[in-house]
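Novice:
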Amino acid sequence: MSSSPLLPKMMKAHGVSRRSFLKYCASLTSLMALPPAMVPRVAHALETAPRPSVIWLSFQECTGCTEAITRSSAPSLEELIFDSISLDYHHTLQAASGDAAEHAREAAMKEHHGKYLVIVDGSIPMDEPGFSAIAGISNLDMLKETAEGAAAIVSVGTCAAYGGLPQANPNPTGAVAVSDIITDKPIINVPGCPPIPMVMTAVLAHYLTFGIPDLDELGRPKAFFAESIHDRCYRRPFYDKGLFAESFDDEGARAGWCLYKLGCKGPTTKSVCATVKWNDGTSFPIEAGHGCLGCTEPDFWDNGGFYKPLSAPAGDYRRVGQAAIVAGVAAGAGGAYLARKNKAEALANHETVDAFTLEKEEKES
Amino acid sequence: MNNPNFDLLMFARGPLFDIALLVFVAGVLIRIVEILVLGRKKDFSKAKGNPVQQGIKTIFTRTLPRPGAIKANPITIVGGYVFHIGFFIAFLLFVPHIALIEELTGLSWPGVGRVIIESATVLAVIAGLALIYTRWRDPVRRKLTTWVDYLVLILSLLPLITGYVAVNKLFGDPTFMMALHILSVDVLMIVFPFTKLMHAFTFAMARYYNGSIQGRKGAES
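The listed protein sequences derive, respectively, from chains A and B. Each residue of the first sequence is one higher than the last, beginning at 2 in this note's numbering. Each residue of the second sequence is one higher than the last, beginning at 171 in this note's numbering.
1. Applying a beta-carbon distance threshold of less than 8 Å, which residues of chain A neighbour B:ILE202?
2. Which residue wins for smallest C-alpha separation from B:ASN173, given the options A:PHE225, A:MET199, A:ILE197 and A:GLY164?
3. What are the boundary residues of the beta strand (DSSP E) that A:ILE56 is part of?
4. What are the boundary residues of the alpha helix (DSSP H) that A:ALA109 is part of?
5. Report the rounded CA-to-CA distance for B:GLU390 versus B:PRO235, giving the unit in angstroms.
6. With a floor of 4 residues, list each alpha helix (DSSP H) that falls wholly inside the segment 190 to 260 of chain B, ordered by position along the chain.
7. Is there at least one Cβ from chain B nearer than 8 Å to A:LEU219's Cβ?
8. Quick check: the segment 287 to 304 of chain A against the segment 350 to 369 of chain B, are at least 3 beta-carbon pairs closer than 8 Å?
9. My output table needs one value for A:VAL121: the three-state DSSP class, helix, strand or coil.
10. So B:ARG265 is in the alpha helix (DSSP H); what residue range does that whole segment cover?
11. Going along the chain, which residues of its own chain have a beta-carbon closer than 7 Å to the beta-carbon of A:ALA152, five neighbours each way excluded?
12. Do A:SER229 and A:LYS271 count as a contact pair if the criterion is CB distance below 8 Å?
13. Use the C-beta contact count for B:TYR320: other C-beta atoms within 10 angstroms, 16 or more gives buried, fewer gives exposed.
14. Do B:VAL248 and B:ILE255 count as a contact pair if the criterion is CB distance below 8 Å?
15. For the structure I just gave you, are there three or more beta carbon pairs, one from the segment 314 to 331 of chain A and one from the segment 176 to 194 of chain A, closer than 8 Å?
16. Kindly indicate which three-state DSSP category B:TRP279 falls into: helix, strand or coil?
17. Should A:LYS10 go down as buried or exposed, given a rule of 16 or more other Cβ atoms within 10 Å for buried?
18. Can you name the residues that DSSP bridges to A:HIS91?
19. Check whether the Cβ of B:MET359 lies closer than 8 Å to any Cβ atom in chain A.
20. Drop a sphere of 10 angstroms on the beta-carbon of B:GLY197, count the other beta-carbons inside from all chains shown, and report buried for 16 or more, exposed for fewer.
21. What does the Cβ neighbour count give for A:SER3, buried or exposed, with the cut at 16 atoms within 10 Å?
22. At the 8 Å Cβ level, is B:GLY281 part of the contact set with chain A, yes or no?
23. Can you name the start and end residues of the alpha helix (DSSP H) that A:SER21 belongs to?
24. Mind checking if A:LEU58 is an interface residue toward chain B, Cβ cutoff 8 Å exclusive?
25. Does the distance from the CB of B:GLU273 to the CB of A:PRO268 come in under 8 Å?
26. Please go through the same chain and pick out, in chain order, the residues whose beta-carbon is closer than 8 Å to the beta-carbon of A:ALA203, but skip the five residues on each side of it.
27. Answer yes or no: does any C-beta atom of chain B fall closer than 8 Å to that of A:VAL17?
28. So the candidates are B:GLY184, B:PRO280 and B:ILE245; which of them puts its Cα closest to the Cα of A:TYR240?
29. So, is A:HIS231 buried or exposed, given that buried needs 16 or more other C-beta atoms within 10 angstroms?
30. With three or more beta-carbon pairs closer than 8 Å as the criterion, would you say the segment 117 to 133 of chain A touches the segment 254 to 265 of chain A?
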């Protein structure tokens, strides 16, 4: 690790000026929700941090997370941060494959035992090891083996963090999250489908500079997952005014009104999508005209449908409602019929009595 | 890993809502159908007025207080109006609620902004609390009040309070508060058919019967 080049050298090689590096540090500092006074510390820490060995494990995933982080933006200061780690194993990005790749992983694990960082994208199938295996090693075995000597684990993407799409009902592979298997290592969850590239790199930068960030109860760094998208959404004023798009191409949608009625999950989804945005700060899903899917939250595929408003019932209520109407009318009519019958019977069986009979009865007794 | 707050929200929106809907719809229909099928005893006397016209008229005229009623019970009358109007503004004009009604029935109408919704909510809650207080303070009314009456009043206020807290993120996790909001509505729907909350449907029938009885006798109601 000590032989690896430090950041200033890397910067020079990439033609990045000190000014733009400091600008990057400033934006990173604010992104990590640290006070501005911390900028020099962030810069210093990044400049002097040795490159840790990183092993990237891809399990049941779509490679979207890797696509996102590698295509973040150009010129890539994020890339630079990536260059400041030593990515020793990533079977999508590395040239080697098969045994040779596995040897690289084993070598990195051996050389940096106890110090390397494991990044995982994808969930782990528990039903059959054969559902997902790399070089004949099941995902479960590879995760356990690799995590054993790790300093920390970063679960990148909702699949690794919470099970994600593979875990969606009926979960055919028995998919679980990293945290369901590994319980004795610090795990940072960076959910999203995929996560925002800037957030992934900022979490890595935080790890490099200050160690494990503050995490919420779902294991997410609070700096990026403390506020809901709804609270930071540029369409929020329309929600407050009661102006809502009714369809994806009506006047309201064109005027940028709130997408709540079209199923936006912004109110229950925590992420910085609305502020950090995507593609170098260009836009985010709601800005592109589609409601939030809630992809940074567990079980987002099964949370009642992407196009159903959050306030709408999630279950099969129509059949229940129809049954209730039939049962209600029948029971009401039945109850009334019984009451009428009882009344008629009571009338029919009503025995009249007069004072004379009562007197007679009393005398007899 | 699960988000327990979201799981609770999904439970409130999913299985519990289905149960609540079943109890609410079936319960309300049982009571209304039973009342209608039971009907009233046939009146063989010759009608001296128009019972139907007077009955329908009474449904609306009884919405206004009797002369002198405001003076006698100002908090009950004014508080009652403020609570009902506030409740219905918050319930029927807040767009997420309209989205729910549209999903259930296909009916939709424009909503209003948060300033109106939240003002109505706050006023309704204050009115509701005032109604509870006056009911508890007056010895006669206190004697007449059962624990179910207090329960119904509190259960009617809970959706307003939890909704306000959830939307404004006053305290607690907003998703958890949203789950509590929907749970409180589920509970309200479940107790609805078995309590005085049924007045929301039976008021029209009761007023019609009263009006038509008087109408038949040729009296104003």
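Ideal placement from N, C-alpha and C gives every residue a C-beta, glycine not left out. No experiment lies behind these values; they were computed from the predicted model shown.
Specialist: Taking the definition as stated:
1. GLY333
2. A:GLY164
3. For A:ILE56, the enclosing beta strand (DSSP E) has its first and last residue at 54 to 59.
4. 99 to 112
5. 16 Å
6. 221 to 231 and 239 to 242
7. yes
8. no
9. strand
10. What sits at residue 265 of chain B in the sequence shown is Val, not Arg. Looking at the DSSP string, the run of the alpha helix (DSSP H) that includes B:VAL265 is 265 to 275.
11. GLY115, LYS116, TYR117 and LEU118
12. yes
13. exposed
14. no
15. no
16. Correct three-state label for B:TRP279: coil.
17. exposed
18. Answer is A:TRP57, bridged to A:HIS91.
19. no
20. buried
21. Low confidence applies here, because A:SER3 scores a pLDDT of 43, under 50, leaving its location unreliable and the question unanswered by this model.
22. The beta carbon of B:GLY281 sits closer than 8 Å to some beta carbon of chain A.
23. 19 to 32
24. no
25. no
26. Excluding positions up to five away in sequence, the list reads LEU29, LEU32, MET33, ALA224 and PHE225.
27. no
28. Closest in alpha carbon position to A:TYR240, among B:GLY184, B:PRO280 and B:ILE245, is B:PRO280.
29. buried
30. Taking a contact to require three or more Cβ pairs closer than 8 Å, the segment 117 to 133 of chain A and the segment 254 to 265 of chain A do not qualify as touching.
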